[in-house]
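Asks: This structure is in structure tokens; I'll ask about it shortly.
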Amino acid sequence: MNIDYIKRSIKFSKIVSLDLFDTLFYRPYLNPDDVFSHLEIIHDTPGFKHQRILAENNARFISKYEEITLDEIYEHIQIDFLKMKAKELELEFDSILINSEIKNLIDYSISLNKKVIFISDMYLPTDFIKSVLDKHSIENFESLYVSSEQRLTKHTGSLFKKVANDLKSNPKDILHIGDNKKSDIKAAKINGLKTAYYPSFNDQFKIMSRSNKSLYRLFNSFQSDFIQRYLFKQKINSRCNDASTRSHDSYWEDIGLYYGSLIALCFYKIINNNYDPSKDELIFIGRDGYSIKLFFDKLKPEWNSHYIHLPRALAKKCIFPFDLNNKENVHLLYEIFNNNCSNKDIAFRKKFIINNKEKYLSYFKNEKSSYVQYLKHKKININKRMIIVDSATCHFTAQESLLSIAKNDVIGIYFYVRNMTHKSYNYESVYDYSHNKFGYFSEEKFISFIEYILASPESFIVNLDNKNFEPIYKDMTQEEKARIDIKKHMSRGIEKGSISIKSIIGDHIYSINSAFLMKNIQLFINCLGKEDIYYFKKIKVTRDLNHFHYHPLLLSDSSFLKTLLATRKNAKELKMLVHYDVPQLIAMMIRYPISIKSKFKKGFIKIFIFPYSNINFLRLELKISNSMKISLHVGRRPSWTDDQ
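Going by this note's numbering, the first residue of the sequence shown is number 125, and it counts up by one from there.
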């Protein structure tokens, strides 16, 4: 697509003809029949989409004309759905938006005194199309040709012939601009018109990057649900129609609107199935519960919910963490009374803890009592059942600490769970990998990404003030300052997403296709586009108990030399990156030209050439015997398997 080329073509034409749908007009629907899904949801008419598609197919099958009308379509629909015709027109009218770039081309044509006409293959009535043009102040055009009125189509070429005859013009003097390579380009050329191909927003999005093409292919390959397609199309429209206004702020707002809203929506059905407002306390655990609560405050304002701080260190103190086989517990316990001690010896620290057990018990009892007062300060009734909502858990620390306080049951609702304890907890989750393999690399990146999207715009909480119960924050790092700034924009996106979703589903319970969302997030993490790489490159996160050690979330800004000469610890982090820039890529190829993984008991040998590339170039498999096979990979190792 070359706007300058189109403008030059306009200069040397007398008449400028434009397609409407997917050229001048764009809609919030990834596929044309998504409008029927939208109607089915907002008007609570199960089966409408199927019947509407069937009615159109039947109308086309028996029609003697090249094009049918909306009235003819509804003559073939079940009587229960006849009322939907007016609803369909109403939704189309509200949904159609104008492509600013094409609008500028129209204004440019008029400024050169060119005649402007519109030609559309569409079953909608001509008067309706005119009303949409009027709504968006599209004026001073010469003619409007709609196939439903003319009973001719661009697709066959007959509508182009009629236009040339009506205007008494040589077809060579007409420039037709459109998005369909067959109807707008090939058919127009056959009938003597000049043409200019203008890709639809969907096609523009696909050619922006390999990542976009892969995402689009995913939506066409797997069964996604309507809300995911709807928000994905909003993402496409934002990238294409507002390309000149793209910025740091708008990028992160889009990430919040798309991924933040979809992640939060996954909780909807689970919370609704468990939460009884008359009997339960609905509690969102900070920091990750912040965005989920933000989403539901807009979607379900009638839910009386709470947002509490329960940092991992404080949660552990409420459950007396005397399991000294856990190194994290040993360091936590020791540093309560020896904050500045440089002696890191585990045996030394264990001995101190054992010798001061009574002192610790008294300390923990006071901490727990203080936290009970904090819950009362937050107006949480500990006699009620607690429904707690958090992003992910492996050790159920927050849930167990609240169980030790609550007088009733505590149900945990999580986005992602891997139960690494020997205990059984009452919980539900969107994804439960307690009994499934999910490689360390995969799990680490997935959880870190989810938590980065959901975490509140505040620094880490180290404790709560015993007097006013206000959070005591850790000293702000540069990484946290950057994250908080980004989070403010993501939060705006999440709020917008919630409002948009509420306008569609109203008070109906919506079940999102979480399996598809998992594929979507995996693909995004592993196949970042240029814009994503630019904004994610300097982002670092921390997952240790005291939040000291930061590491890259998905990418690194490490130089060639730093990558090549990285320490063993830093090299481990570099291996876990999902993308390398050219200097990093060369350094990783020099440092790790080959990797071999073998398990003779399982009967395989895997050889990886340049395993830390950005893409996988080649995969060959050779079966040596019934019990042994060798596979050769040239390029990137599989990231979302247990191979890492």
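We treat Cβ as the ideally placed atom computed from N, Cα and C, and that holds for glycine.
Since the structure is predicted, the reported quantities are computational estimates derived from the model, not experimental observations.
1) Please report the distance separating the alpha-carbon of residue 344 from that of residue 640.
2) When DSSP labels each residue in this structure, what does residue 391 get in the three-state scheme?
3) To the nearest whole angstrom, what separates the beta carbons of residue 722 and residue 732, a pair I think is in contact under 8 Å?
4) Quick one: measure Cβ to Cβ for residue 537 and residue 513, integer angstroms, because I've assumed they're closer than 8 Å.
5) In three-state DSSP terms, what is residue 515?
6) Which of the three DSSP states is assigned to residue 564 in this structure?
7) Could one say the Cβ of residue 700 lies closer than 8 Å to chain C's Cβ atoms, at least one of them?
8) Per the DSSP calculation, residue 404 is bridged to which residue(s)?
9) Closest by CA to residue 235, which one among 245, 152, 222 and 263?
10) Looking only at its chain, what residues have a beta carbon closer than 8 Å to the beta carbon of residue 218, apart from the 5 residues adjacent to it on each side?
11) Going along the chain, which unbroken runs of the beta strand (DSSP E) with 3 or more residues stay wholly within the region 518-597?
12) Does the beta-carbon of residue 136 have 16 or more other beta-carbons within 10 angstroms, so that it is buried, or is it exposed?
13) Per DSSP, residue 745 forms a beta bridge with which residues?
14) Can you tell me which residues form a DSSP beta bridge with residue 424?
15) Considering only C-alpha positions, which residue in the set 665, 259, 535 and 591 is nearest to residue 570?
16) Going by Cα to Cα distance, which pick from 354, 338 and 241 is closest to residue 302?
17) Pick from 292, 699 and 306: whose alpha carbon is nearest that of residue 280?
18) Buried or exposed: where does residue 465 fall if 16 or more other Cβ atoms within 10 Å of its Cβ makes it buried?
19) Pick from 165, 169, 410 and 128: whose alpha carbon is nearest that of residue 226?
20) Please check the pair residue 613 and residue 377, which I expect to be a contact at CB under 8 Å, by giving their CB distance rounded to whole angstroms.
21) Report buried or exposed for residue 380, applying the criterion of at least 16 other Cβ atoms within 10 angstroms of its Cβ.
22) What does DSSP give as the partner residue(s) for residue 675 in the beta ladder?
23) Could you spell out where the beta strand (DSSP E) holding residue 630 opens and where it closes?
24) Using only the alpha-carbon positions, how far apart do residue 316 and residue 288 sit?
25) Determine the closest residue to residue 179 out of 208, 165, 151 and 152, with distance taken between C-alpha atoms.
26) Is it true that the region 422-434 meets the region 404-414, where meeting means three or more beta-carbon pairs spaced less than 8 Å apart?
27) Which first and last residues belong to the alpha helix (DSSP H) in which residue 161 is found?
28) Are there 16 or more other CB atoms within 10 angstroms of the CB of residue 632, so buried, or fewer, so exposed?
29) Count the other C-beta atoms from every protein chain shown that fall within 10 angstroms of the C-beta of residue 400, then say buried if there are 16 or more, exposed otherwise.
30) Quick one: Cα of residue 728 to Cα of residue 754, how far?
31) Give the straight-line distance between the Cα atoms of residue 638 and residue 554, rounded to the nearest whole angstrom.
32) What span of residues does the beta strand (DSSP E) with residue 243 cover, start to end?
33) Ordered along the chain, which non-local residues of its own chain (more than five positions away) have a Cβ less than 6 Å from that of residue 740?
34) With contact counted as at least three CB pairs below 8 Å, one residue from each stretch, are the region 313-329 and the region 283-297 in contact?
35) Would you identify the three-state DSSP class for residue 694, choosing helix, strand or coil?
36) Are residue 190 and residue 282 touching if we call contact CB-CB under 8 Å?
Replies: If we stick to the structure as given:
1) 12 Å
2) coil
3) Not really, about 12 Å apart at Cβ, beyond 8 Å.
4) Contact flag correct, Cβ pair sits at about 5 Å.
5) strand
6) Low per-residue confidence applies at residue 564: pLDDT is 48, beneath 50, and the placement is therefore not dependable, though the value from the model is reported in the following sentence. It is helical.
7) Given the protein chain composition of this structure (a single chain), no chain C is represented.
8) 509
9) Closest by alpha carbon: 263.
10) Taking C-beta separations shorter than 8 Å and ignoring five residues to either side along the sequence, residue 218 has no partners in its chain.
11) 534-541, 551-556, 585-588 and 595-597
12) exposed
13) 755
14) For residue 424, which the question treats as bridged, DSSP gives no partner whatsoever.
15) Nearest option by C-alpha distance: 665.
16) 241
17) 306
18) Around the beta carbon of residue 465, fewer than 16 other beta carbons lie within 10 angstroms, which makes this residue exposed.
19) 128
20) 5 Å
21) By the neighbour-count rule (16 or more Cβ atoms within 10 Å), residue 380 is buried.
22) 665
23) Premise fails: residue 630 is in no beta strand (DSSP E) and is neither H nor E.
24) Going from the Cα of residue 316 to the Cα of residue 288 covers about 10 Å.
25) 208
26) yes
27) 158-166
28) exposed
29) exposed
30) Roughly 6 Å between the two C-alpha positions.
31) Between the C-alpha atoms of residue 638 and residue 554 there is a straight-line separation of about 7 Å.
32) 239-244
33) The answer, listed in chain order, is 759 and 760.
34) yes
35) Helix at residue 694.
36) yes
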